[in-house]
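Numbering (this note's numbering), first residue to last: 103 to 246.
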């Protein structure tokens, strides 16, 4: 793998972690949302990451050329966890019989832990790009 390819791989990681941070921020912003356009409370979203296709064929003889390695966001799926029930009879969305409000299935502590992990992964990719850039600069200095 050449140095530019290593930078591209790290760049895919940056993009994926940025998307993950965006979804986590959306989850946190809607942690108390009890009404959505779809009806019912907000449902937590999860980011699914997968490896990008590592190889593609090129040429008549089928030589293998290394393509875009890295990670990509495959999909953003709703969580299947149950909603929380909170007793608050004065809430406008409370069940008139029981007084319970159906709240989103978001745990703020879990979201914060996920955010810290995504940030550390983002930082690791930035460090990898910085180190690759430094190696490229050192390689160019050899030729002088």
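Ideal Cβ positions, reconstructed from N, Cα and C, are used throughout, including at glycine.
Keep in mind the model is a prediction, meaning the values are calculated, not measured.
Would residue i and residue j be called neighbours here (beta carbons separated by less than 8 Å)?
i: residue 112; j: residue 148; result: no
i: residue 203; j: residue 177; result: no
i: residue 154; j: residue 117; result: no
i: residue 308; j: residue 208; result: The first residue shown for the chain is 103 and the last is 246, placing residue 308 beyond what the model contains.
i: residue 205; j: residue 139; result: no
i: residue 189; j: residue 201; result: yes
i: residue 227; j: residue 119; result: yes
i: residue 231; j: residue 109; result: yes
i: residue 137; j: residue 183; result: no
i: residue 175; j: residue 121; result: yes
i: residue 220; j: residue 123; result: yes
Quick check on DSSP: helix, strand or coil for residue i?
i: residue 125; result: helix
i: residue 316; result: The chain is shown from 103 up to 246; residue 316 falls before or after that span and cannot be answered.
i: residue 132; result: coil
i: residue 138; result: coil
i: residue 246; result: coil
i: residue 197; result: coil
i: residue 104; result: coil
i: residue 192; result: coil
i: residue 209; result: coil
i: residue 168; result: At residue 168 the pLDDT is 49, less than 50, meaning the model places this residue with poor confidence and gives no usable figure here.
Tell me, which residues are paired with residue i by DSSP?
i: residue 175; result: 151
i: residue 187; result: 204
i: residue 180; result: 147
At least 3 beta-carbon pairs within less than 8 Å: the stretch 213-229 vs the stretch 186-197: no
Cβ contact (3+ pairs, closer than 8 Å) linking the stretch 233-240 and the stretch 116-132: no
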